[in-house]
Amino acid sequence: VDPSANNAAAEVDDDEEEDGDVLVMAMDADGREWTVYERDPEVDAEARIIRCTYEFEAATGERASQVNEHFYILPAEVDAMLDATGFDVESVHGGFEREPFDEDESIHVVYAARKRG
Numbered sequence: 280v281d282p283s284a285n286n287a288a289a290e291v292d293d294d295e296e297e298d299g300d301v302l303v304m305a306m307d308a309d310g311r312e313w314t315v316y317e318r319d320p321e322v323d324a325e326a327r328i329i330r331c332t333y334e335f336e337a338a339t340g341e342r343a344s345q346v347n348e349h350f351y352i353l354p355a356e357v358d359a360m361l362d363a364t365g366f367d368v369e370s371v372h373g374g375f376e377r378e379p380f381d382e383d384e385s386i387h388v389v390y391a392a393r394k395r396g
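Numbering (the working numbering), first residue to last: 280 to 396.
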């Protein structure tokens with residue numbers, strides 16, 4: 280069972296929540312519907328890791344779970360890390376569609392290129 284298949288589609292159902300869980304309906308590549316519960320994330324600030332747990336349940340009763348770990352760096356560290364590895368920041372945006380950057384938002388998309396010369 281791979282409820283996270285690349286061809287999966289998801290739809291948020293704002294009317295249904297369960298004790299802090301976000302309820303999402305998803306369909307896998309085989310057309311099976313899954314109910315997906317996203318548990319409250321675990322944050323390890325010292326290690327800079329956010330663990331998100333997802334529990335999947337199919338209409339057949341089939342179950343699966345998945346934990347995604349997100350490692351993060353602070354925006355102020357990005358330039359230094361890229362510079363140290365031979366890259367220059369070309370631009371910073373607030374999303375993958377190159378939306379304007381907003382310091383108060385959590386999405387920072389950094390476009391970088393190898394240094395010339």
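Note that beta-carbon positions come from the ideal geometry of N, C-alpha and C, so glycine has one too.
Among the options, the one whose alpha carbon lies nearest that of residue i
i: residue 382; options: 348, 373 and 389; result: 373
First and last residue of the uninterrupted alpha helix (DSSP H) at residue i
i: residue 359; result: 354-363
Endpoints, the beta strand (DSSP E) within which residue i is located
i: residue 332; result: 328-337
i: residue 391; result: 388-393
i: residue 370; result: 366-372
Coarse secondary structure for residue i, derived from DSSP in three states
i: residue 319; result: coil
i: residue 348; result: strand
i: residue 325; result: coil
i: residue 308; result: coil
i: residue 342; result: strand
Residue i and residue j closer than 8 Å at C-beta
i: residue 386; j: residue 350; result: no
Cβ-heavy atom distance, residue i to the ligand ATP, below 7 Å
i: residue 339; result: No copy of the ligand ATP appears in this structure; indeed no ligand is present at all.
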